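One structure is given here, and the rest of the page talks about it.
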Amino acid sequence: MSSPWAKIEKPEAVNLQDIMSEQVAADLAEKENQKLLKNLSDNSFPHSQQGDNNDIPEEVLEALKVEDNGESVSSDAEIARMLQAQFDREFDEEVRRNQDKFNGASKVSISYKNYLRSQPTENDESEEEEIEDIRDKKDWDRFDKMERELGSMPTCGYKVVDGNIVTKHDTTMNGRKNACKLLSFPPGFQTGDGENFDLKISNKVYNSLKTYSKNEQSKRHKARDKKEDHATAVFGLDEHTTLLLYKMMNNQLLDSYNGVISIGKEAVILHAFGCPGCEKVEVPKECVIKVFKTTLSEFKQRDKYIKGDHRFKDRIGKQTSRKTVHIWAEKEMANLCRLKKAGIPCPQVVMLKEHVLIMSFIGKDRIPAKKLKEADMETADYIVAYDQVVNMMKTLFRDANLIHADLSEYNILWFNGQCYFIDVSQSVEPIHDNAFHFLFRDCKNVTNFFERKLVPKVASPEELFESITGYNFEDKEELLKLQLAVKPKPHTIDRLHAEAVDNFDEIWESFNARDDIINNKSTVVEPPKA
1 MSSPWAKIEK PEAVNLQDIM SEQVAADLAE KENQKLLKNL SDNSFPHSQQ
51 GDNNDIPEEV LEALKVEDNG ESVSSDAEIA RMLQAQFDRE FDEEVRRNQD
101 KFNGASKVSI SYKNYLRSQP TENDESEEEE IEDIRDKKDW DRFDKMEREL
151 GSMPTCGYKV VDGNIVTKHD TTMNGRKNAC KLLSFPPGFQ TGDGENFDLK
201 ISNKVYNSLK TYSKNEQSKR HKARDKKEDH ATAVFGLDEH TTLLLYKMMN
251 NQLLDSYNGV ISIGKEAVIL HAFGCPGCEK VEVPKECVIK VFKTTLSEFK
301 QRDKYIKGDH RFKDRIGKQT SRKTVHIWAE KEMANLCRLK KAGIPCPQVV
351 MLKEHVLIMS FIGKDRIPAK KLKEADMETA DYIVAYDQVV NMMKTLFRDA
401 NLIHADLSEY NILWFNGQCY FIDVSQSVEP IHDNAFHFLF RDCKNVTNFF
451 ERKLVPKVAS PEELFESITG YNFEDKEELL KLQLAVKPKP HTIDRLHAEA
501 VDNFDEIWES FNARDDIINN KSTVVEPPKA
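Residue numbers for the sequence shown follow my numbering, so the first one is 1 and each next one is one higher.
Laid out in structure tokens, this is it:
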């Protein structure tokens, strides 16, 4: 057969037995591999082999050579994979060098494992763990080495090192031991980095650092306890107040207490459900829990309401801050009882326990009554409300012998066509030095509010003041005579909530009630008779 391009070699004739022979098949494969390798060498490296070999790594040249087992590289893809593998190894070595340089002698090291090109497999890691010897592990830092050396001291208290006797009282060893103890200080104590040099601390310095650490720790605990103790000043209830509420539920006074109704400058108001089956006191179905705040940041302004009240004479200056809050809560309970006895609409007092006051709920189905400031009322309703407020102020002064001293649209509730007075803890008697100034201020607040609501025939503050007291605000002499007329008798001025009672039956009943309280050892303050 002829060809115009090349001379075709005539194939050798073989018989069937040679073809079936494995040896012949292996020889043929070897010849074909050598022939293919020769063609690749001629086509890939037509120029100087010596010059090109300088640019090719020795590992690749070795791989190109035919090994003893007859294997060889037969494609450019295999050569590329070999070159890539070599590049990956060089890159991983550079990453490991950077990792060692960054960590240095630090006890906590950062691994660059995720930056490696060739990630170790699970089998490789398991094999390394199996052959790892615990004796080959290094110490984490210098402190581990020192602790091991310090622990090697025998029970006799000394050892021989390089021909010298070293005792457990050695200055150098003791200083290193104190340096190791720094690690036991709290995390917030700044000890510095003492592992890169031979740190030695004397006993005097270590004791000073230890004392300072304890003092700082105790200061933090005191600050935290003080913050928890005054938690009622912000929003919630402290542990003591929560315990009081749980005791009330255990005594079947309250069934449960719910969310916050309002938060004022002096107290937090909560809604609660009462237990109708309570035998001690009559508890309504829905109640209000008024928790007075235990901080006294605002009591510098409130003391003027207590010092002038003969019922709490000389009690405000002799009490602690928490006890002063108890006096403030007791004062509101006494004033509410006076209002209720005079027939003025107000919450009914259920019980007082320290700074927690339980009252009846003005509202329905957990929906509290609106304040006059927030109530959605018509003009006719405002006219009715004005008449009610004026009559209630007159009754409060004449029958209850009190002045509200903080009366405004924020302290008057509107529910089912009726006004209710609330927040009477600052109310004072007419004998107070500033009583009529407080009353005139209440008159101005009431007049200004109802004038803004366009209520017709609203009396001026002077006219309203005169209609309540019967005297003009500018007539100081007559007002002074009025104060002297209502001043209590000397034998009753120091008796809290006491009035002259000539009825023998009422006196006998009061003594019996007192004996019952003493026998039962009750710690609950019930509403007194105003």
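Glycine residues also receive a C-beta, built at the ideal position from the N, C-alpha and C atoms.
If you're wondering where the values come from, they're calculated on a predicted model, not measured in any experiment.
Leu-245 and Val-205 have their alpha carbons spaced roughly 51 Å apart.
Here Met-333 has Val-349, Leu-352, Leu-357, Pro-527 as same chain residues with Cβ atoms under 7 Å from its own Cβ, once five neighbours each way along the sequence are excluded. Remark: C-beta atoms of Leu-243 and Cys-275 do not approach each other more closely than 9 Å. Taken through DSSP and simplified to helix, strand or coil, Glu-466 comes out as helix. Taken through DSSP and simplified to helix, strand or coil, Thr-155 comes out as coil. In the displayed model, Tyr-212 falls within a helix according to three-state DSSP. Residue state for Cys-337 is assigned as helix, using DSSP reduced to three classes. Bounds of any beta strand (DSSP E) do not take in Ile-79; it lies within the alpha helix (DSSP H) bounded by 76-103. Close CB contacts of Asn-39 within its chain, under the 6 Å cut and outside five residues either way in sequence, are absent. Excluding its 5 nearest sequence neighbours in each direction, Ile-403 has C-beta neighbours in its own chain below 6 Å: Val-428, Ala-435, Phe-438, Leu-439, listed in chain order. Annotated three-state conformation of Val-428 is strand, per DSSP.
DSSP places Asp-255 in the uninterrupted beta strand (DSSP E) bounded by 254-263. Under the three-state reduction of DSSP output, Phe-273 falls in the strand class.
Residue pairing for Trp-328: DSSP places it in no beta bridge. With a 10 Å radius around the Cβ and a threshold of 16 neighbouring Cβ atoms, Ser-425 comes out buried. Distances from the CA of Lys-323 to each of Phe-292, Phe-397, Leu-339 were compared; the closest alpha carbon is that of Phe-292. The three-state secondary structure of Ala-29, taken from DSSP, is helix. Look at Gln-418 here: in three-state DSSP terms it is strand. Residue state for Val-281 is assigned as coil, using DSSP reduced to three classes. Looking at the DSSP output, Cys-287 shares a beta bridge with Ala-272, Ser-360. Straight through space, the alpha carbons of Gln-418 and Ser-360 are spaced by roughly 16 Å. Assignment of Ile-403 by DSSP, reduced to helix, strand and coil, places it in the strand class. Proximity to Ala-342 across Phe-465, Asp-198, Ala-400, Ala-369 peaks at Ala-400, based on C-alpha coordinates. Residue pairing by DSSP leaves Ile-8 without any beta bridge partner. DSSP places Ile-383 in the helix class (H, G or I) of the three-state scheme. Contact check between the segment 405-423 and the segment 358-378: three or more CB pairs, one atom from each, fall below 8 Å, which counts as touching. Beta-bridge annotation (DSSP): Pro-368 is paired with Gly-363. DSSP places Leu-245 inside the alpha helix (DSSP H), whose first and last residues are 239-250. In this structure, Pro-430 sits near Phe-397, with a CB-CB distance shorter than 9 Å. Here the alpha carbon of Phe-421 sits roughly 9 Å from the alpha carbon of Met-392. Only buried fits Arg-441, as 16 or more other CB atoms lie within 10 angstroms of its CB. The beta carbon of Lys-331 lies closer than 6 Å to those of Ser-425 in the same chain, with the five residues before and after it left out. Pairing Lys-453 with Thr-379 gives a Cβ-Cβ distance under 9 Å. The Cβ neighbour count for Pro-456, taken over all protein chains shown within 10 Å, is under 16; the residue is labelled exposed.
CA-to-CA, the gap between Glu-354 and His-169 works out to about 60 Å. Shortest Cα-Cα distance from Asp-406 to any of Asp-381, Phe-102, Lys-444 involves Lys-444.
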